[in-house]
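Each residue of the sequence shown is one higher than the one before, starting from 1 at the first, in our numbering.
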Amino acid sequence: GHVNNAATWTAVEDELARHDVVPTRAVLEYGAPIALEDEMRLFSHGSLGNNLLSIWLLCGDEVRAAGRVSWGQGSGNR
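1. Keeping to the same chain, check which residues put their C-beta closer than 7 Å to that of Thr8; ignore five residues upstream and five downstream.
2. What's the gap between the Cα of Ile55 and the Cα of Gly1?
3. Judging by CA-CA distance, which residue of Asn5, Arg41, Gly49 is the nearest neighbour of Val63?
4. Buried or exposed: Asn5, going by 16 or more other Cβ atoms within 10 Å of its Cβ?
5. Quick check: Gly72 and Thr24, are their CB atoms within less than 7 Å of each other?
6. Locate the alpha helix (DSSP H) running through His45, then write down its first and last residues.
7. Distance check for Val12 and Leu52, CA to CA, integer angstroms please.
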């Protein structure tokens with residue numbers, strides 16, 4: 001079986017918590033299913049000054065999901 005979309009969003013939420021931001025907009029695109037047994041790696045690149053965080057979930061060299069999260073001034077920074 002494969003994981004559902006909620007499991008993928010959990011990885012994104014964990015990364016947001018690590019950067020201590022609350023999103024006002026988030027987009028997550030799925031490139032391929034993620035199986036329960038897949039070993040996933042998460043990469044992120046943040047431009048915190050521009051209120052933008054990009055996230056990639058990879059299995060090996062294949063991007064399985066990619067997202068972009070933004071937050072508004074005053075509404076997303078804690």
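Ideal placement from N, C-alpha and C gives every residue a C-beta, glycine not left out.
Quick look at the numbers:
1. In the sequence shown, the residue the question calls residue 8 occupies position 8. Excluding residues within five positions, the ones whose Cβ falls inside 7 Å are Leu28, Ile34, Leu57, Ala65.
2. As a first step, residue 55 is located in the sequence shown; it is residue number 55 there, counting from the start. As a first step, residue 1 is located in the sequence shown; it is residue number 1 there, counting from the start. For Ile55 and Gly1, the distance between alpha carbons rounds to 24 Å.
3. Translated into the one-based positions of the sequence shown, residue 63 becomes position 63. Out of Asn5, Arg41, Gly49, Arg41 has the C-alpha closest to the C-alpha of Val63.
4. Residue 5 sits at position 5 when you count from the first residue of the sequence shown. Exposed: under 16 other Cβ atoms inside 10 Å.
5. By one-based count along the sequence shown, residue 72 stands at place 72. By one-based count along the sequence shown, residue 24 stands at place 24. Yes, the pair counts as a contact, with Cβ atoms nearer than the cut-off.
6. On the sequence shown, position 45 is the one that residue 45 refers to. Looking at the DSSP string, His45 is not in any alpha helix (DSSP H); the run it does join, the beta strand (DSSP E), is 40-47.
7. For the purposes of this step, residue 52 is taken as residue 52 along the sequence shown, with counting starting at 1. For the purposes of this step, residue 12 is taken as residue 12 along the sequence shown, with counting starting at 1. Looking at the two C-alpha atoms, the distance is approximately 13 Å.
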